[in-house]
Amino acid sequence: MMKLMSIHKITITLFICVIMMITLLPPTTASHHNNMEALYSCLSSNGVHNFTTTPNDHHRFFNLVIQNPIFTRLVFNKPTTIVLPQSKEQLATTISCCTHGSWTIRLRSGGHSYEGLSQTAQTPFVIIDLMNLNRVEIDLESETAWVESGATLGEIYYAISQASDELGFSAGYCPTVGSGGHISGGGFGMMSRKYGLASDNVVDALLIDSTGRILDRGLMGEDVFWAIRGGGGGTFGAIYAWKIIGSQVLQV
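Using mature numbering (1 follows the signal peptide of the UniProt record, and there is no 0), the letters of the sequence shown map in sequence onto residues -30 to -1, 1 to 222.
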């Protein structure tokens, strides 16, 4: 009788182990395909049409601005699709669609993440490339500027130099670094000893949370506003734009 009970317990244990292993298996190809189609449908039906749908397109846009070629190797997972939003509304829609489909999101501003945080992930993921969100709007009266996250440091410096020969902005010296990730990580540069980090010169921001809400400094709250200026890119949401304040610099 004891022997039969032991066999019964072993059988139940094995059954439970098999069920647990099945639940840990990755989704089937058919399931993954259905999820992709659902994502494409969500994007298209909400006015977002600028995204890749074929592997060739994925690779072309994936390699376009990548700054660390190590992540092009086959051992690293590649995105299911790459979305290139052209407005804050499209960015919000894209985030909402990805969240609804339980996709991991990777935001790419300039592609300089040496940890691959904008290039790869362990689970099926979508890259939201911000290259089209690169506008810089300068207000000389208040000495401030709204800078979209896809704008590179070079584009910011150029826009400021065209508007004024007295204003500067304290940030890094590599012109191809994206402002989204750079400022989110603090933003150290050659003028930081005098004018502080790039994040010290941010007075407002537009943050998009996981549900697609667009929040300014007042709506996100001071704690979140403090955290996004140094806490790392994509950690607390997607930064659509920064409002930066310029510094008076000596004319050369």
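Glycine included, C-beta positions come from ideal geometry on N, C-alpha and C.
To the nearest whole angstrom, what separates the beta carbons of residue i and residue j, a pair I think is in contact under 8 Å?
i	j	result
residue 174	residue 186	6 Å
residue 32	residue 58	Not quite, the Cβ-Cβ distance comes to about 24 Å (not below 8 Å), so this is no contact.
residue 18	residue 63	5 Å
residue 46	residue 90	5 Å
residue 218	residue 136	6 Å
residue 138	residue 160	About 10 Å; that fails the 8 Å criterion.
residue 44	residue 203	Rounded, the Cβ-Cβ distance is 26 Å, inconsistent with contact.
Have a look at the options and flag the residue whose alpha-carbon is nearest the alpha-carbon of residue i.
i	options	result
residue 71	57, 94, 88	94
residue 216	6, 140, 65	140
residue 154	74, 87, 161	87
residue 211	90, 38, 102	102
residue 42	29, 54, 52, 53	29
residue 10	96, 91, 39	96
residue 156	34, 56, 197	197
residue 55	22, 166, 136, 82	22
residue 163	27, 5, 142	142
residue 205	184, 180, 214	180
residue 144	209, 8, 80, 117	80
residue 172	104, 195, 214	214
residue 25	166, 177, 50, 13	50
residue 83	177, 14, 38	38
residue 134	146, 178, 220, 203	220
residue 182	40, 207, 8, 159	207
residue 176	168, 165, 117, 167	117
residue 99	132, 92, 34	34
residue 20	27, 36, 53	53
Output the boundary residues of the alpha helix (DSSP H) element that contains residue i.
i	result
residue 196	192 to 198
residue 169	Here residue 169 belongs to no alpha helix (DSSP H), and DSSP marks it neither H nor E.
residue 62	58 to 70
residue 153	149 to 154
Using the DSSP secondary-structure output, state which residues sit across from residue i in a beta bridge.
i	result
residue 76	97
residue 53	21, 98
residue 211	118, 176
residue 130	The partner list for residue 130 (beta bridge, DSSP) is empty, contrary to what the question assumes.
residue 184	178
residue 137	218
At which residues does the beta strand (DSSP E) containing residue i begin and terminate?
i	result
residue 176	172 to 178
residue 36	Element bounds for residue 36: n/a, residue is neither H nor E.
residue 108	106 to 109
Does the ligand SAM have a heavy atom nearer than 8 Å to the CB of residue i?
i	result
residue 36	Here there are no bound small molecules, and the ligand SAM is not part of this structure.
Could you tell me whether the region 105 to 115 touches the region 61 to 68, using the rule of 3 or more Cβ pairs below 8 Å? no
Counting pairs of beta carbons, one from the region 142 to 151 and one from the region 115 to 127, are three or more of them closer than 8 Å? yes
Is the region 186 to 201 close to the region 126 to 144, with three or more CB pairs under 8 Å? no
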